[in-house]
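Under mature numbering (1 follows the signal peptide of the UniProt record, and there is no 0), the residues of the sequence shown are numbered -21 to -1, 1 to 158, in order. Beta carbons are placed, not taken as given, at the ideal position from N, Cα and C, and that holds for glycine.
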Amino acid sequence: MYIVKRFLCVLCLVIAQPTMALTQIHLLNYKDSYGNISLKDSGNIRLPDPLTVNGNLNLENSRINMLPLRLIVKGNLNLAYSNIEHLPLALNVDGYINLAYSKIKELNFGLRVLGDLSVAHTQLKKLPDNLYVKGDLLLQNSKILTLPNKLVVDGNIYIGNMPLQDLPSDIIIGGSLYR
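Structure below.
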């Protein structure tokens, strides 16, 4: 009986878990001498939690669908064409966040991006209130109808080919608005 229960527990874990869980040691195979980690085109693997990346984290076109709950990226975070639907609440990125063509469903309230933020070509319908973007905000070909309250963008906003209806009165743009 014990063997059957043990087998069922293992079977449940295998079905519920991603194909492979990477450890910090495994990540050394994907890390360069600058601290960049590239898992581009990878399968659905689970990243270590917490995870600190001393350079860029490139998950472009990966099948990874969940980020660690605590993620620090001291460079850029590239999630273009990825299966990521949600960002972790404990997310710190010192560079840009590229979500273009990803499956992102929503962004965190009060998200602060210290570089550019691209949600171009996504199915996002809204941006969170109190969003701060130090660089440019790229929204082209997204489904966003209105910009959020208390949006601050130090750079430019690119809104080409999208159904944006109006701008909030409290928006702050350091650059220009481009259609």
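- Message: Judging by CA-CA distance, which residue of VAL92, MET141, ASP133 is the nearest neighbour of ASN71?
- Response: Considering only alpha carbons, the answer is VAL92.
- When we look at the beta-carbon of GLU115 and count the other beta-carbons within 10 Å, is it buried (16 or more) or exposed? According to the sequence as given, residue 115 is Asp; it is not Glu. Buried, because 16 or more other Cβ atoms sit within 10 Å of the Cβ of ASP115.
- Message: One question on the structure: do TYR111 and ILE138 come within less than 8 Å of each other, judged by their Cβ atoms?
- Response: no
- Message: Whole angstroms are fine: how far does the CA of LEU86 sit from the CA of TYR75?
- Response: Going from the Cα of TYR75 to the Cα of LEU86 covers about 14 Å.
- Beta-carbon separation (whole angstroms), LYS19 vs ASN40, contact threshold 8 Å: 6 Å
- Message: Suppose only complete runs of 3+ residues qualify. What are the beta strand (DSSP E) ranges in the region 52 to 108, listed by chain order?
- Response: You should have 69 to 72.
- Buried/exposed call for LEU58, threshold 16 Cβ in 10 Å: buried
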